[in-house]
Amino acid sequence: MMNGTGAGPAALQPQAPGPLQVLVLWADDSSPNLGVRALGRGTAALVRRVWPDAAITFVNYGHGSPHLPMGRLRSLVREQVTGRRGMQKWLSGFDLVIDTRSGDSFADIYGLKRHSIMTAVAACVRRAGIPLVLGPQTVGPFNSKRGRLLARGSLSSAKVLMVRDAESADASARLGRAVDVQSTDVVFAMEVPQVEKSRDVILNISGLLWNPNPHVDFRSYRDIVTRLHDGLLAQGRQLTLLAHVLDPYPGVGTQQPTSKDNDVPAIREFMNSAQSQAEVLIPKDLDEVRAAVASGNVVIGSRMHACLNALSVGTPAIPLAYSRKFEPLLRDLGWQHTVDLRDTSTDPVAAVLHQLGADAMAGDLAALSENAQRLLLRAEQALRSLS
Numbered sequence: 001m002m003n004g005t006g007a008g009p010a011a012l013q014p015q016a017p018g019p020l021q022v023l024v025l026w027a028d029d030s031s032p033n034l035g036v037r038a039l040g041r042g043t044a045a046l047v048r049r050v051w052p053d054a055a056i057t058f059v060n061y062g063h064g065s066p067h068l069p070m071g072r073l074r075s076l077v078r079e080q081v082t083g084r085r086g087m088q089k090w091l092s093g094f095d096l097v098i099d100t101r102s103g104d105s106f107a108d109i110y111g112l113k114r115h116s117i118m119t120a121v122a123a124c125v126r127r128a129g130i131p132l133v134l135g136p137q138t139v140g141p142f143n144s145k146r147g148r149l150l151a152r153g154s155l156s157s158a159k160v161l162m163v164r165d166a167e168s169a170d171a172s173a174r175l176g177r178a179v180d181v182q183s184t185d186v187v188f189a190m191e192v193p194q195v196e197k198s199r200d201v202i203l204n205i206s207g208l209l210w211n212p213n214p215h216v217d218f219r220s221y222r223d224i225v226t227r228l229h230d231g232l233l234a235q236g237r238q239l240t241l242l243a244h245v246l247d248p249y250p251g252v253g254t255q256q257p258t259s260k261d262n263d264v265p266a267i268r269e270f271m272n273s274a275q276s277q278a279e280v281l282i283p284k285d286l287d288e289v290r291a292a293v294a295s296g297n298v299v300i301g302s303r304m305h306a307c308l309n310a311l312s313v314g315t316p317a318i319p320l321a322y323s324r325k326f327e328p329l330l331r332d333l334g335w336q337h338t339v340d341l342r343d344t345s346t347d348p349v350a351a352v353l354h355q356l357g358a359d360a361m362a363g364d365l366a367a368l369s370e371n372a373q374r375l376l377l378r379a380e381q382a383l384r385s386l387s
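Per the UniProt record's numbering, the very first residue in the sequence shown carries number 1; after that it's consecutive.
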């Protein structure tokens, strides 16, 4: 893996003696959502291409700071008035803030409350006078006037705006802010595990889609999973079922994934209803899931980061897309193997089985890796030029 080729020292230097202090918002290294962990570790890896000794602090739901009351918008507003928690002083102690928006939450499709809180935290960073970088992420969609208004505020406050696909660049431009960097997902900045191939088809079942949700009909999704399972077995494939959002850990906050977003109960329910004999893989952490997908011949993923983890370690992946964040990102990498669950004109199961029978995926992996590193270099160079 290319580790960056930026020349010369970074322009941004620490305020105080010691390493650069970097705050990463809305990602962490302990979330039950392994996609959030990938976002956290990938962002840290990107930062350390520029500042190898950087000290990185993560703040996210369930991984907070006593100085930053981010659970409710009212609490943030109160802290700005009273200063009782010392939020502004705490923020001022960082040299750089990278706002990830959880990769796909710079939008109003997950609700205005989430969008409002993330926007308010970014505004607090701006008031502290610390450079704010919107890291590589999806921008949009925005389906409400208030959602677009909040988005314009965040876009105007960012010193550097990075997106991970061309469609996000277009969405930002429509809101009045041209992007500074069109890059890709930071998962491609992480080290690649060296693992022997020991599994065939790895199927990630999503708890989000297994239950009623605003993206796809959950009954249709359950039928697709069942028919995929049966069709793969009929073709003589060996099948592993993979969770990518796990049981919440004891003691985590209420903002962590609920049982409806948790892949583990969905997989257990499917195993019982289908009387399946497939291997079930519930990884304990990010290292284990990356090693697992590296061990497979192919991953079929309902979670985008299950697919991105696979592609970043050299395993072909067929994404089962449920929102616009999937296809533009993968298309920009030259990966044309996405199956859109929202497209009612085609049978997703037939489309997946067709992709499995094609020869193009293996040949496209090398080009994808080159494209990912080329696009990541843009983000690295933008960080290096910060002052």
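Cβ atoms here follow ideal geometry from the backbone N, Cα and C, with glycine treated the same way.
Nothing here was measured: the structure is a model prediction, and the numbers come from that model.
Beta-carbon proximity of residue i to residue j, cut-off 7 Å
i	j	result
V181	R378	yes
N309	R331	no
V125	V163	no
A372	L333	yes
R127	E380	no
V201	L228	no
N204	H244	yes
R174	Q137	no
V339	A358	no
Q21	F94	yes
L208	V216	no
A321	V299	no
L375	T184	yes
Delimiting residues of the beta strand (DSSP E) encompassing residue i
i	result
L161	160-163
A27	Element bounds for A27: n/a, residue is neither H nor E.
N297	Premise fails: N297 is in no beta strand (DSSP E) and is neither H nor E.
N204	201-204
E279	279-281
G64	From DSSP, G64 is part of no beta strand (DSSP E); its letter is neither H nor E.
L242	239-242
Through-space distance from residue j to residue i, alpha-carbon basis
i	j	result
D29	T82	31 Å
S168	V186	16 Å
G176	D230	49 Å
S295	L150	43 Å
I117	E288	32 Å
A382	P52	16 Å
A16	H305	36 Å
R85	V121	14 Å
Y61	H115	13 Å
S31	G64	12 Å
K159	L68	21 Å
V349	I224	6 Å
A178	R237	47 Å
V195	T315	11 Å
M87	N33	27 Å
S385	L91	22 Å
P19	R268	46 Å
S206	R303	6 Å
Q355	K145	40 Å
V192	Q80	42 Å
I56	Q336	35 Å
P283	N211	22 Å
D10	L96	Note that residue 10 is Ala in the sequence shown here, rather than Asp. If you take the alpha carbons of A10 and L96, they lie about 13 Å apart.
P131	S387	8 Å
V59	L233	43 Å
K197	A171	40 Å
CB-CB length for residue i against residue j, believed under 8 Å
i	j	result
T226	A274	6 Å
D104	K325	5 Å
A27	V36	6 Å
N262	D247	6 Å
L155	D99	Going by Cβ atoms, the distance from L155 to D99 rounds to 11 Å, so no, they are not a contact pair.
Endpoints, the alpha helix (DSSP H) within which residue i is located
i	result
E191	Careful: E191 lies outside any alpha helix (DSSP H) and carries neither H nor E.
residue 448	In this structure the chain extends from 1 to 387, so residue 448 is not present and cannot be described.
G363	360-384
T43	34-50
V77	73-82
F326	326-332
L341	It is not in any alpha helix (DSSP H) - L341 carries neither H nor E in the DSSP assignment.
P348	348-357
L150	145-157
Problem set entry | Touch test, the segment 30-41 against the segment 68-83, Cβ-Cβ under 8 Å, three pairs minimum | no
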